[in-house]
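*Asks:* Mind having a look at this structure? Questions to follow.
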Amino acid sequence: MIDLKQLAAHVEAVLFSSGDPLTAEKICAALGVTKRELNEAVEYLSERYSQEDSGIELLRLNDAYQLAVKKQFASDVKAVLEIKKGATLSPAAMEVLTIAAYNQPVTKAFVEHVRGVDSSSVVNSLVEKDLLCETGRLNLPGRPVAYKTTDNFLRAFGLSSLDELPPLPDRREQLSFDDAVVEQAEEPSEE
21 MIDLKQLAAH VEAVLFSSGD PLTAEKICAA LGVTKRELNE AVEYLSERYS QEDSGIELLR
81 LNDAYQLAVK KQFASDVKAV LEIKKGATLS PAAMEVLTIA AYNQPVTKAF VEHVRGVDSS
141 SVVNSLVEKD LLCETGRLNL PGRPVAYKTT DNFLRAFGLS SLDELPPLPD RREQLSFDDA
201 VVEQAEEPSE E
């Protein structure tokens, strides 16, 4: 028989990762335990979560279990989710992040040169959202601020490192495509 605390940790991990209610049958099958062993682990977790210093509770829903936030903390969670929900990125912000991710560290001047438009407000917005951060100043005239992507950028895009960014298209391929488009546009039409 597995140790109660160990089994409780396994149950906790399964419930946490699921997010949705899981039936006792499904948990027992996944963990290879009996319903009695599961009930003991659930009871142990319920007691632990019932302490005042926990923001989590274990819900029993018919023959299913789910981890949830205690009611007294619901407004905190709602506030965070509202902030997160409203945090969509504009196409301009995505452009700036792309430029920064592939060329970091970058200056606002570099970003503006690549984009062809003023990007100060977009860069500042991305710094506020903690997707870009200042990484120092370059040893150039005016000592411009250099920016790089943050760990939050990696999390937001599901990356563990910048090495996981998709490769940029080969510049030669892009040039040959551009040349073909120009040649096609220059061909006289038959009218």
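One gets my numbering by counting positions in the sequence shown from 1 and adding 20 to each. Beta carbons: idealized from backbone N, C-alpha and C, even for Gly. A quick note: this is a predicted structure, and the numbers were derived from the prediction, not measured.
#1: Pick out whichever of Gly136, Glu57, Tyr122, Phe36 has its Cα sitting closest to the Cα of Asp183.
#2: When you compare the CB positions of Ala120 and Lys168, do they come within less than 8 Å of one another, or not?
#3: What residue from Asp73, Pro41, Phe177, Arg163 has the CA that sits closest to Leu117's CA?
#4: Which residues does DSSP list as the beta-bridge partners of Tyr85?
#5: Could you spell out the range, first to last residue, of the alpha helix (DSSP H) harbouring Thr118?
#6: Assuming Glu63 is part of the alpha helix (DSSP H), what are its boundary residues?
#7: Would you identify the three-state DSSP class for Val90, choosing helix, strand or coil?
#8: In three-state DSSP terms, what is Lys98?
#9: By Cβ distance below 6 Å, which residues in the same chain neighbour Asp150 in space, the five residues on each side in sequence not counted?
#10: If you run the structure through DSSP and keep just helix, strand and coil, what is Lys25?
*Replies:* Concretely, from the data shown:
#1: Tyr122
#2: yes
#3: Phe177
#4: Leu42, Arg80
#5: 111-123
#6: 55-69
#7: The question names Val, but residue 90 in the sequence shown is Lys. Lys90: coil per DSSP, three-state reduction.
#8: helix
#9: Thr170, Asn172
#10: helix
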